[in-house]
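Chemist:
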Amino acid sequence: MAEAGAGFLEQLKSCIVWSWTYLWTVWFFLVLFLVYILRVPLRINDNLSTVSMFLNTLTPKFYVALTGTSSLISGLILIFEWWYFRKYGTSFIEQVSVSHLRPLLGGVDNNSSNNSNSSNGDSDSNRQSVSECKVWRNPLNLFRGAEYNRYTWVTGREPLTYYDMNLSAQDHQTFFTCDSDHLRPADAIMQKAWRERNPQARISAAHEALEINECATAYILLAEEEATTIAEAEKLFKQALKAGDGCYRRSQQLQHHGSQYEAQHRRDTNVLVYIKRRLAMCARRLGRTREAVKMMRDLMKEFPLLSMFNIHENLLEALLELQAYADVQAVLAKYDDISLPKSATICYTAALLKARAVSDKFSPEAASRRGLSTAEMNAVEAIHRAVEFNPHVPKYLLEMKSLILPPEHILKRGDSEAIAYAFFHLAHWKRVEGALNLLHCTWEGTFRMIPYPLEKGHLFYPYPICTETADRELLPCKCLPLYPAFHPGRGALHDRCGCCFY
């Protein structure tokens with residue numbers, strides 16, 4: 010009986026939506042016809058004349074008051090929206106529109122669509138391609154020759170997947186090549202080198218390009234893939250910087266002479282930014298953290314619009330190593346903004362700073378007796394926000410799962426991002442006394458607020474269901490990646506399978 014009633018309501022709603030979609034003109038003319046028929050009983054002419062007389066008697070003071078009142082209401086709405094944005098990370102009006110108004114106006118109901126397509130559920134999930142999930146380059150990616158290859162030499166295992174390396178090859182072709190490369194022999198060789206699958210063929214092509222000319226991209230390839238230590242990579246990047254800076258200055262003077270020169274200048278800018286960023290990362294690896302921080306700050310000041318490299322995440326990690334928490338907070342104040350894309354580094358670093366203020370004295374027994382203080386509540390809310398964004402991270406920080414070398418690309422909110430974050434930031438969490446204890450006591454409480462995170466989120470959009478497919482391609486695992494299986498009945502996060510990384 011209940012199913013029949015629900016089916017009738019769904020059919021009625023679909024009929025109403027259809028009528029408003031295709032028959033709005035009929036509704037409009039029908040309303041006009043009714044008004045015309047009822048014009049005498051409703052005394053429409055008399056009412057219109059009365060309204061006209063009323064409007065003619067209004068003074069300018071009324072319009073001033075009306076304008077002021079509307080401005081005041083608009084200002085209050087704007088302030089409320091700003092407060093809601095700062096507190097919850099989403100627009101109140103947008104949330105109401107998506108959650109409540111859209112289903113009434115013909116939005117797709119997830120439950121009904123899942124029920125109606127249950128017979129094709131498996132095939133639909135299999136058809137979800139990796140391209141549906143945005144894959145980002147890891148801002149803290151390791152050096153392939155000095156770090157990834159050393160792991161291969163020791164263990165005999167490949168730390169990177171073919172899909173991950175293929176994405177890197179596409180990035181290199183996008184950032185380090187342009188249409189005019191065929192006019193310069195060295196750049197033409199490097200354009201082919203970036204397409205090579207064989208590492209030795211790429212390295213040989215880079216040496217061949219250097220025999221012709223001082224080519225910055227050739228030095229980059231050798232520093233990334235041939236150098237066996239960070240010191241060797243830094244030496245090669247310094248040579249690349251010398252060659253790349255000269256190319257950048259020459260193309261800067263000619264960038265307005267045509268589209269060809271503009272594309273070349275864009276390529277030279279990408280090359281220069283990449284070299285300086287990798288030099289800063291070399292300094293960080295070699296223990297010269299303050300020098301690395303200065304290089305990153307100068308780079309962000311020189312090229313403020315190139316946010317695609319996410320240099321601020323490198324800066325945050327270096328500042329945390331220096332324990333310069335005030336500077337970390339200043340960087341977060343700029344980049345933890347609603348208009349900018351979030352990341353595990355942003356969310357969990359904000360949570361770490363909030364936890365640092367209370368974690369050394371936090372006790373779950375005392376908190377259960379007296380309740381949470383304001384500072385403790387802020388820290389718990391920050392942890393819940395971070396866990397909602399990426400629920401994989403806590404088990405790596407709490408060392409409940411084994412870490413592997415992070416991939417060169419990550420999927421935001423996925424297991425690959427969690428590995429990349431925990432690989433570099435676990436030491437910073439351990440350095441703050443009691444921070445991991447506070448995380449251990451509070452992170453699972455996130456799923457009491459959002460028992461159905463795959464269907465509805467709190468501060469962010471629902472957890473994407475395509476992460477499993479993308480992480481399967483990014484992570485070097487022979488079985489399923491560590492993917493969260495949400496159990497609404499228990500309101501907690503569990504693992505679908507115990508994955509054997511290496």
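At the far end of the sequence shown sits residue 511, using the working numbering, and the numbering has no gaps.
The beta carbon of each residue, even a glycine, is placed where N, CA and C say it ideally should be.
These figures come from a predicted structure and were not determined experimentally.
#1: Closest by CA to Thr183, which one among Trp203, Arg159 and Glu167?
#2: With DSSP as the reference, identify every bridge partner of Leu420, one or two as the case may be.
#3: For Val302, which residues from the same chain have a beta carbon less than 6 Å from its beta carbon, with the 5 sequence-adjacent residues on both sides left out?
#4: Would a C-beta distance cut-off of 8 Å place Ile102 and Glu90 closer than the cut-off?
#5: In angstroms, rounded to a whole number, what distance separates the CA positions of Gly154 and Arg211?
#6: Do the region 390–399 and the region 419–426 meet, that is, are 3 or more Cβ pairs less than 8 Å apart?
#7: Does the region 408–415 touch the region 467–482, meaning 3 or more C-beta pairs lie closer than 8 Å?
#8: For Ser213, report the span of its alpha helix (DSSP H) as first-last.
#9: For the alpha helix (DSSP H) holding Ala242, just list the boundary residues, first then last.
#10: Can the beta-carbon of Met304 be found closer than 8 Å to that of Leu288?
#11: Does the pairing of the region 347–365 with the region 425–440 give three or more beta-carbon distances under 8 Å?
#12: My output table needs one value for Arg440: the three-state DSSP class, helix, strand or coil.
#13: Got a sec? Which residues, its chain only, sit under 7 Å from Ser23 by beta carbon, not counting five neighbours each side?
#14: What first and last residue would you give for the alpha helix (DSSP H) that runs through Pro473?
#15: Would you decide whether Leu21 is buried or exposed? Buried here means 16 or more other CB atoms lie within 10 Å of its CB.
#16: Taking buried to mean at least 16 other C-beta atoms within 10 Å of its own C-beta, is Met409 buried or exposed?
#17: Which residue wins for smallest C-alpha separation from Arg457, given the options Arg394, His437, Leu406 and Trp438?
#18: Rounding to the nearest angstrom, what Cα-Cα distance links Thr358 and Ile239 in this structure?
#19: Taking Cβ positions, are Leu281 and Asp254 nearer each other than 8 Å?
#20: Measuring straight from C-alpha to C-alpha, what distance separates Gly267 and Lys310?
#21: Leaving aside the five residues before and after His191 along the sequence, list all residues of the same chain whose C-beta is less than 7 Å from its C-beta, in chain order.
#22: So, do the region 430–449 and the region 162–169 have three or more beta carbon pairs nearer to each other than 8 Å?
#23: Going by beta carbon distance, what residues of the same chain come within less than 7 Å of Pro194, once the five residues before and after it are set aside?
#24: Within 10 angstroms of its Cβ, does Ser61 collect 16 or more other Cβ (buried), or is it exposed?
#25: With burial defined as no fewer than 16 other Cβ atoms inside 10 Å of the residue's Cβ, what is the status of Arg206: buried or exposed?
#26: Identify whether Ile46 lies in helix, strand or coil by the three-state DSSP scheme.
#27: Under the three-state reduction of DSSP, which class applies to Thr186: helix, strand or coil?
#28: From Ser213 to Ala364, what does the alpha carbon distance come to, in whole angstroms?
#29: When we look at the beta-carbon of Ile53 and count the other beta-carbons within 10 Å, is it buried (16 or more) or exposed?
#30: From what residue to what residue does the alpha helix (DSSP H) around Ser352 run?
#31: By Cβ distance, which residues of its chain are closer than 8 Å to Glu271, with the 5 residues on each side in sequence left out?
#32: Rounding to the nearest angstrom, what Cα-Cα distance links Asp118 and Tyr470 in this structure?
#33: Just to confirm, are Cys588 and Ala242 a CB contact at a threshold of 8 Å?
Modeler: The relevant details are as follows:
#1: Considering only alpha carbons, the answer is Trp203.
#2: Paired residue(s): Val144.
#3: Take Val302, set aside five residues on each side of it, and the residues of its chain with a beta-carbon closer than 6 Å to its own are Ala327, in chain order.
#4: Ile102 places its beta carbon less than 8 Å from that of Glu90.
#5: Straight across, the Cα-Cα distance linking Gly154 with Arg211 is about 13 Å.
#6: Touching, yes.
#7: They do not touch, by the three-pair rule.
#8: From DSSP, the alpha helix (DSSP H) with Ser213 extends over Pro208 to Ile221.
#9: Counting along the chain, the alpha helix (DSSP H) containing Ala242 begins and ends at Ile239 to Leu263.
#10: Cβ distance < 8 Å, so Met304 and Leu288 count as in contact.
#11: Segments in contact, yes.
#12: Arg440 falls in the helix class under three-state DSSP.
#13: For Ser23, where only same-chain residues beyond five positions count, there are no Cβ hits under 7 Å.
#14: From DSSP, Pro473 is part of no alpha helix (DSSP H); its letter is neither H nor E.
#15: Burial call: exposed.
#16: That one is exposed.
#17: The candidate whose alpha carbon is nearest that of Arg457 is Arg394.
#18: Distance between the alpha carbons of Thr358 and Ile239 is about 27 Å.
#19: For Leu281 and Asp254, yes; Cβs fall inside 8 Å.
#20: Rounded to the nearest whole angstrom, the C-alpha separation of Gly267 and Lys310 is 27 Å.
#21: Around His191, the same chain offers Ala197 as residues with beta carbons nearer than 7 Å, after the five sequence neighbours per side are excluded.
#22: Because the criterion of three Cβ pairs below 8 Å is not met, the region 430–449 and the region 162–169 do not touch.
#23: By the criterion of a C-beta distance shorter than 7 Å, Pro194 is surrounded in its chain by Ile221, once the five residues flanking it on both sides are discounted.
#24: Classification of Ser61: exposed, given that the 10 Å Cβ count is below 16.
#25: Around the beta-carbon of Arg206, fewer than 16 other beta-carbon atoms lie within 10 Å, marking it exposed.
#26: Looking at Ile46 - three-state DSSP - the assignment turns out to be helix.
#27: Thr186 carries a coil assignment under DSSP once its states are collapsed to helix, strand and coil.
#28: Counting only the Cα atoms, Ala364 lies some 51 Å from Ser213.
#29: Ile53 is exposed by the Cβ-count criterion.
#30: Unbroken run through Ser352: none, as it is neither H nor E.
#31: Around Glu271: Gln264 and His265.
#32: Because Asp118 carries a pLDDT of 41, less than 50, the predicted location of this residue cannot be relied on, and the following value inherits that uncertainty. The straight-line gap separating the alpha-carbon atoms of Asp118 and Tyr470 is approximately 16 Å.
#33: Coverage of the chain is limited to positions 10 through 511, which leaves residue 588 absent and any answer about it impossible.
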